[in-house]
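For the sequence shown, this note's numbering begins at 431 and goes up steadily by one.
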Amino acid sequence: MSNSNNDTFKLGNREFTSRFILGSGKYSVDLIKAAVEDAGAQIVTCSVRRANTQKHEDILEYMPKNITLLPNTSGARNAEEAVRIAHLARELGCGDFVKIEIMGDTKYLLPDNVETVKATETLAKEGFTVLPYMYPDLYAARALRDAGAAAVMPLASPIGSNRGISTKEFIQILIDEIDLPIIVDAGIGKPSQAAEAMEMGAAAVMCNTAIATSENIPLMANAFAEAISAGRKAYLAGTGRVLERGAESSDPLLGFLR
Numbered sequence: 431m432s433n434s435n436n437d438t439f440k441l442g443n444r445e446f447t448s449r450f451i452l453g454s455g456k457y458s459v460d461l462i463k464a465a466v467e468d469a470g471a472q473i474v475t476c477s478v479r480r481a482n483t484q485k486h487e488d489i490l491e492y493m494p495k496n497i498t499l500l501p502n503t504s505g506a507r508n509a510e511e512a513v514r515i516a517h518l519a520r521e522l523g524c525g526d527f528v529k530i531e532i533m534g535d536t537k538y539l540l541p542d543n544v545e546t547v548k549a550t551e552t553l554a555k556e557g558f559t560v561l562p563y564m565y566p567d568l569y570a571a572r573a574l575r576d577a578g579a580a581a582v583m584p585l586a587s588p589i590g591s592n593r594g595i596s597t598k599e600f601i602q603i604l605i606d607e608i609d610l611p612i613i614v615d616a617g618i619g620k621p622s623q624a625a626e627a628m629e630m631g632a633a634a635v636m637c638n639t640a641i642a643t644s645e646n647i648p649l650m651a652n653a654f655a656e657a658i659s660a661g662r663k664a665y666l667a668g669t670g671r672v673l674e675r676g677a678e679s680s681d682p683l684l685g686f687l688r
């Protein structure tokens, strides 16, 4: 798998060549290391409870040194709780990157866009590089941009569902209208779906459940990384036109047989 050093994307004051973000919520620390090594990921998310240095498996101790940690505020029900968790992550040595996750809904686990905007504004003013997880809505994305978000992370489908990009048209609107990196998050179930997101023009894709529930985690992580790279190349190349009806011969020389 190759990443062009010239095709980078920026989050805050850091540049990245890998557009694959690994979610670590369902992994053991050994599998995280293997997935990172096989996938070439440069950003790995972690919940603050997994970075608790008093627990047996401290994710910070096992994470490769060249990885940028993206702690999330999983468990937060409102902006105040998300801000508190972000502060704790900074105190634990996780840095200034933070993924805002605020879910008051426990059945569908849909993000609360209103509270997410509030938390984003507070943390951005405090110097955090804020990546908010959100339901793909243009007005909310604009509010997050204005609040200081470094990127927005719209869900593809309900978290952990592996259903693919059920919000495709709404994500495309964000890609077209929001001048920030759009990182597709949640619900991506197959490498082909990750490639599709990149073909749409997404800046990156985050995957967790699809890899964690596969039979061979390192191999699946590598498959996702290659699919994301291929999708990015297809986007840069510009996909071919689509005929609305009829057909067109791919070989103009066939006409001489008529």
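Cβ coordinates follow ideal geometry from the N, Cα and C atoms, glycine included.
- DSSP places T597 outside both helix and strand once states are collapsed to three, so it counts as coil.
- Rounded to the nearest angstrom, the Cβ distance from V614 to P584 is 7 Å, consistent with a contact under 8 Å.
- When the five nearest sequence neighbours on each side are left out, the beta carbons in the same chain lying within less than 8 Å of the beta carbon of L649 are those of D468, in order along the chain.
- In the same chain as I515, and ignoring 5 residues on each side of it, the C-beta atoms closer than 6 Å to its own belong to V478, T503, A506, in chain order.
- G525 sits away from A554, with the two beta carbons spaced by 8 Å or more.
- DSSP places L441 inside the beta strand (DSSP E), whose first and last residues are 439-441.
- In the DSSP assignment, F654 falls within the unbroken alpha helix (DSSP H) covering 647-667.
- Where I515 is concerned, the enclosing alpha helix (DSSP H) starts and stops at 509-521.
- According to the DSSP assignment, S477 belongs to the beta strand (DSSP E) that extends over 473-477.
- Of the candidates G534, L574, S454, L574 places its Cα closest to the Cα of E551.
- Contact check for G594 against T639 fails: the beta carbons are separated by 8 Å or more.
- Inter-residue distance for V544 and A581 is about 16 Å (C-alpha atoms, whole angstroms).
- In this structure, DSSP gives N543 a helical state, which the three-state scheme calls helix.
- Within its own chain, the residues whose Cβ lies closer than 6 Å to the Cβ of I497, once the five positions on either side in sequence are excluded, are V474, listed in chain order.
- Here DSSP, grouped into helix, strand and coil, assigns I641 to helix.
- Assignment of R572 by DSSP, reduced to helix, strand and coil, places it in the helix class.
- In this structure, L452 places its C-beta atom within 8 Å of the C-beta atom of A471.
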